[in-house]
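In the numbering used here, the protein residues as written are 7 to 203.
Scroll down for the structure; my scribbles are underneath it.
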């Protein structure tokens, strides 16, 4: 009876540990590595154009800032033990808020115009061991999104009107939303690098 109880307990423990995908690992990356390098992000989004190469460097700078803020790794410009390889795969905008249009007398028409947009960015992230060149973690796809308000009608001739911090001009709103979008994406990427194993 004792042998049967021990056998069933062992079998039950084995099934629970293996069915959930439990794996014995070497710990998280900050336990094994101490420095990280961040090359320029490929495919950075700049002013409505999907470009090759990070011409602005804003996402790269945000990644470096988040790595330094986390304290998990020491940033090394060229000679890090790890290389954080990031490629922007997709950027899209989707209109999510609408209102009825108005005519010159400010009467409501039957036309509907967008006034709120969601910007979504998708990046593919890999962490590479700089000595061996092997991928240590990833590739993983990480996304971030930000909602922003804007005025459907805009003119470059007038000063942008702001109301409670909401930018009126759609082009200026797009430029302004890139900063929080890059920050959110960088936070998610650094969180993935630190806490996944």
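Every residue gets a Cβ at the ideal spot worked out from N, C-alpha and C, and that includes glycine.
- Short of 6 Å from the beta carbon of residue 151, and not among the five residues preceding or following it, lie these beta carbons of its own chain, in chain order: 124, 126.
- Within the stretch 62–89, the complete alpha helix (DSSP H) runs of at least 4 residues fall at 64–76.
- Nearest to residue 157 by C-alpha distance, out of 86, 90, 107, is 107.
- Using a C-beta cut-off of 8 Å, the stretch 84–94 makes contact with the stretch 37–46, since at least three inter-stretch Cβ pairs fall below that distance.
- Between the alpha carbons of residue 67 and residue 187 lies a distance of about 13 Å.
- Within the DSSP bridge table, the entry for residue 101 names 123 as partners.
- Residue pairing by DSSP puts residue 108 in a beta bridge opposite 114.
- Ranked by Cα distance from residue 177, the first of 199, 78, 191, 122 is 122.
- If you draw a 10 Å sphere on the C-beta of residue 42, you find 16 or more other C-beta atoms in it, and that means buried.
- Look at residue 137 here: in three-state DSSP terms it is coil, with no helix or strand label.
- When secondary structure is reduced to three states using DSSP, residue 186 falls in the helix class.
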